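*Asks:*
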Amino acid sequence: MLFCPYCANNLTIGDREDSADKCWICPTCPYQFIIDRQISMRTHLKRKQVDDVLGGKEAWANVDKIDDDACPLDALSYLDGDGDKPARYVIASIIFGATEEPYVQDLVVGPLPVSDDKWLRTLGRILPAS
């Protein structure tokens, strides 16, 4: 892209008024530059360092996530086609934040779906942090 040396507008390619030659023409002032040879320009761009838009590893340090370590083995054998369909349970975390010292209680609820023989008990193990 070329610019007019007088008014700094973009130059366009057009025909000269008095001949059939092509020239760069300024649309706002009388500037014209006759094109008498091939004009080419090459611009080498520098790569910018990409910013980490997700914040990096430290931004995800305290995010809740599901870990594959918590998958029961009987469910995996069922999915592979080797075992029976296992009973379904869910881990429910209740946050008691309005107490003098806030805490979280993890409960196991099951078997699902809800029926008369369902039960609720405190989770006997600590879930992995990562």
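Residue numbering for the sequence shown follows my numbering, starting at 2 and increasing by one per position.
Virtual Cβ for every residue (Gly too), placed ideally from N, Cα, C.
Predicted model, so just to flag it, every value in this text is computed and none were measured.
#1: Over what stretch of residues does the beta strand (DSSP E) that includes Y104 continue unbroken?
#2: Given a threshold of 16 other Cβ atoms within 10 Å of its Cβ, counted over all protein chains shown, does C27 qualify as buried or as exposed?
#3: Nearest-angstrom Cα distance between D22 and P31?
#4: Going by alpha carbons, who is nearest to Q33 out of P6, V51, D85 and H45?
#5: Do L108 and R89 have their C-beta atoms within less than 8 Å of each other?
#6: Could you check what DSSP says for K47 in three-state terms: helix, strand or coil?
#7: From P129 to Q50, what does the alpha carbon distance come to, in whole angstroms?
#8: Using 8 Å for Cβ pairs, my map puts R17 next to C24. What's the rounded Cβ distance?
*Replies:* According to the structure shown:
#1: Y104 to L113
#2: buried
#3: 16 Å
#4: P6
#5: no
#6: coil
#7: Residue confidence for P129 is low, a pLDDT of 48 falling below 50, so the modelled location carries little weight; the figure read from the coordinates is stated next. Cα-Cα distance, rounded: 35 Å.
#8: With 8 Å as the limit, R17 and C24 qualify as a contact, their Cβ atoms being about 5 Å apart.
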